[in-house]
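Okay, so the sequence shown: first residue is 30 according to my numbering, each after it adds one.
Ideal placement from N, C-alpha and C gives every residue a C-beta, glycine not left out.
Below is one structure, written out as structure tokens; the observations come after it.
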Amino acid sequence: MKEIIIIILISLSSVVFAQKPNILLILTDDLGYADVGFNGSPDIKTPNLDSLAHNGTIFSDAYVAHPFCGPSRMALSTGRYPHPMGVPYNLPDVHKGIEEWNVKGVPVSETLIGAVLKNAGYYTACVGKWHMGAVNPKYHPNNRGYDDFYGFLGGGHKYFPEEFVDKKKNGDKWLNEYVWPIEHNGKNIKVTEYLTDAFSHAAINFIRKADTLGKPFFMYLAYNAPHTPLEATQEDLAQYSHITDKKRRTYAAMVSAVDRGVGEIVRVLKELNQFDNTLIIFLSDNGGKLTAGANNTPLRGGKGDTWEGGVRTPMFFHWPGHIPSEHVYKYPVTAIDFYPTFAALAGAKIPDGKILDGKNIWDYIIHDRPAHKGEMIYTIRHRLYWHDMGARRDQWKITRIGKNGDRQNPWGLYNVYDDPGETKNLRDRYPDVFQNMLDEMQKWTETHKDSMPRWFWSKQEEQYWKEWKMPRYWQTFNEDCTLTLTDIPKKSHGSIIKDFHLKQNYPNPFNPKTKITFKLSERVHISLDIFNLKGERVANIINGLCSRGVHNVIWDGRNCSGKKVSSGIYIYRLYIKEKKRMISRKMVVLN
Ligand code: CA
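The structure is reproduced here in structure tokens:
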């Protein structure tokens, strides 16, 4: 029977649709792979999502382009990998007040998918979290292709309206974006209900508006749930009183609120006779955050890393009569495929010269054939020194986790069809497959190795990039590579101090003990201090008379008050006051 259905669908697949379909793209935030009923959640109930998933196609191997929010959303909206576009970092939170970056957003040279569909005659609406430019109006959704926007512009938000602040009344330009007022097309509005419900209801209003206009709609419905802060209503929490872990209970309740909203939206689509003409897509922008109650079983890792748990998302497509039902599509696809796929479904023109890293996957889905046979799907999360990297090709995945310089994690090759938890490293068994994928990925990183990110999450990250000439991809691909220290140009220090060396306790930079050795040619009064790059002294190791000969000193990465200093670049200075002799070395501290 299923074959007959697929054959009927095949015959439909390559024709121009008589009526342009509505496209409802539902994006959740940090939702775990196993946190929906259709992916086997043992405790979270999502009956409305499950019904759509089972009457549509579930994707077991769907990827996003990045393991955290901003770059993943920018990739989805532009159809491009974030790194070559220069957007591999989240925009910094507005309350950090880094004006030069807070005023930035997805480059306006990129035509977003909303604009492509608007140009094709669609009514376009964006609801929820934007996170692609919060301050400068030129990045506002209304200026990026969306007729209507209801939501917030930053990277996250609190859920109960009594905590939202009136920005103007407060007069604080750099107010924490998590408490900004919710806006509709640039105008602050008063929200009176739990935020997830407010978004569901705004979505319903826009669907009704599209119906009044008599236009097909494209809606980018980007719930911020279940992203932190973990805040849920008493009603939603009540269904999960049996979950003892408070985080998990709250998280489960937040997912239920999304499910309830999707149920309401479906009822309105049916009421308006639009349900059968609406393609509904559901996914998450990245993997579940394990420390915030999420569950990515059976995948390894989670939000922020390039194990499967960081970048493989629960996903379904639903469109009665067009998408196979009761079906699981088991081949890899990526959210950067949406752009060309939606454009094709809508009969929309893609701008000339538009760079697209994905492809139209529609016919592959309908025919149940691999959309990316023999092709690599990449993900990179920048770290210090060594990055988190992953690449999927057919059943294979290569993964390396950088974790801020922890080179104890070598590259691995996994058969993620058989071993989605990436537990068995098969690189020694399939050395050719491994090497070939590694070479391909390295070749790809060469295409953007010189592209500087347009912004960073923090000023410290920018400092690292400049100081260490990041991204230093060569280092991630070379497992024999060791840390190179950058010495400050040597100043003359006379003949008293000899052989001044620093040795970091490597390869375990998380135990940041640094061994300092030096030799004195005479007995003198010395001070040995640690300074940060602003020139502030953060620790004093020696201040007193030292004898002639070799000295070994250990610094444990703590300041004068015994607190660990923050990770960064520090300068060690050995100084002999009465002789005006000084020697310095620069070194990285990872705390
Ligand atoms: Ca996210």
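Any contact of the region 132–152 with the region 372–387, i.e. 3+ C-beta pairs under 8 Å? yes
Can the beta-carbon of His256 be found closer than 7 Å to that of Asp58? yes
Contact the region 274–282 vs the region 237–249: 3+ CB pairs below 8 Å: no
If I measure Cβ to Cβ from Arg289 and keep anything under 6 Å in the same chain, skipping five residues before and after, which residues do I get? none
At a threshold of 6 Å, does Asp72 count as lining ligand 1 (C-beta to nearest heavy atom)? no
Does the distance from the CB of Asn584 to the CB of Ile605 come in under 7 Å? For the sequence presented, residue 584 should be read as Trp rather than Asn. No. Outside cutoff.
Run the CB neighbour count on Cys575, radius 10 Å, all protein chains shown included, and call it buried at 16 or more, exposed below. buried
Any chance the CB of Asp122 is under 6 Å from a heavy atom of ligand 1? no
Give me the DSSP bridge partner(s) of Thr257. According to DSSP, which records beta bridges pairwise, Thr257 is partnered with nothing at all.
Expressed to the nearest angstrom, what Euclidean distance is found between the alpha-carbon atoms of Thr363 and Ile406? 7 Å
How many whole angstroms separate the CB atoms of Phe97 and Asn315, which I take to be in contact at a CB cut-off of 8 Å? 5 Å
From Asn302 to Asp240, what distance separates their C-alpha atoms? 10 Å
Confirm, please, whether the CB-CB distance from Arg577 to Glu551 is below 7 Å. yes
With distances taken from each beta carbon to the nearest heavy atom of ligand 1, which residues come in below 5 Å, in chain order? Asp58, Asp59, Cys98, Asp314 and Asn315
The alpha helix (DSSP H) enclosing Arg483, as first and last residue numbers: Careful: Arg483 lies outside any alpha helix (DSSP H) and carries neither H nor E.
Answer yes or no: the CB of Pro100 versus the heavy atoms of ligand 2, is any distance below 6 Å? The model on display carries ligand 1 but not ligand 2.
Consult DSSP for Arg436 and reduce its assignment to one of helix, strand or coil. Note that Arg436 scores 47 on pLDDT, short of 50, meaning its location in the model is unreliable; the coordinates nonetheless yield the value given after this. It is coil, neither helix nor strand.
Going by beta carbon distance, what residues of the same chain come within less than 8 Å of Met466, once the five residues before and after it are set aside? Met405, Ala420, Arg422, Trp425, Ile427 and Leu442
Distance, Cα to Cα, Glu293 vs Val145? 28 Å
Could you work out which residue in His83, Gly157, Gly162 and Ile87 is closest to Asp122 when comparing CA atoms only? Gly162
Nearest-angstrom Cα separation, counted from Ser613 out to Lys519: Legend: pLDDT at Lys519 = 41, less than 50; position of this residue unreliable, no value from coordinates given.
8 Å contact criterion, which Phe228 and Gly185 should meet: CB distance rounded: The Cβ separation is near 14 Å, so there is no contact.
Would Phe346 pass as a contact of Thr86 if the rule is Cβ separation under 7 Å? yes
Is Pro343 helix, strand or coil when you go by DSSP? strand
Which residue wins for smallest C-alpha separation from Lys548, given the options Leu603, Asp381, Arg456 and Val594? Leu603
Mind checking which residues open and close the alpha helix (DSSP H) that includes Cys98? Cys98 to Thr107
Rounded to whole angstroms, what is the Cα-Cα separation between His230 and Thr452? 43 Å
Mind the definition here: the region 96–116 touches the region 353–361 only if three or more C-beta pairs lie below 8 Å; say whether that holds. no
What does the alpha-carbon distance come out to for the pair Thr262 and Trp209? 20 Å
Grab me the residues of Asn217's own chain with a C-beta within less than 8 Å of its C-beta, minus the 5 sequence neighbours each way, in chain order. Asp195, Lys196, Lys197, Pro210 and Ile211
Neighbourhood of Ile555 by C-beta, 7 Å cutoff - its chain only, sequence neighbours within 5 removed: Ile571, Cys575, Leu603, Tyr604 and Ile605
Once DSSP output is grouped into helix, strand and coil, what is the label at Trp497? coil
Simplified DSSP state of Arg296, which is helix, strand or coil: helix
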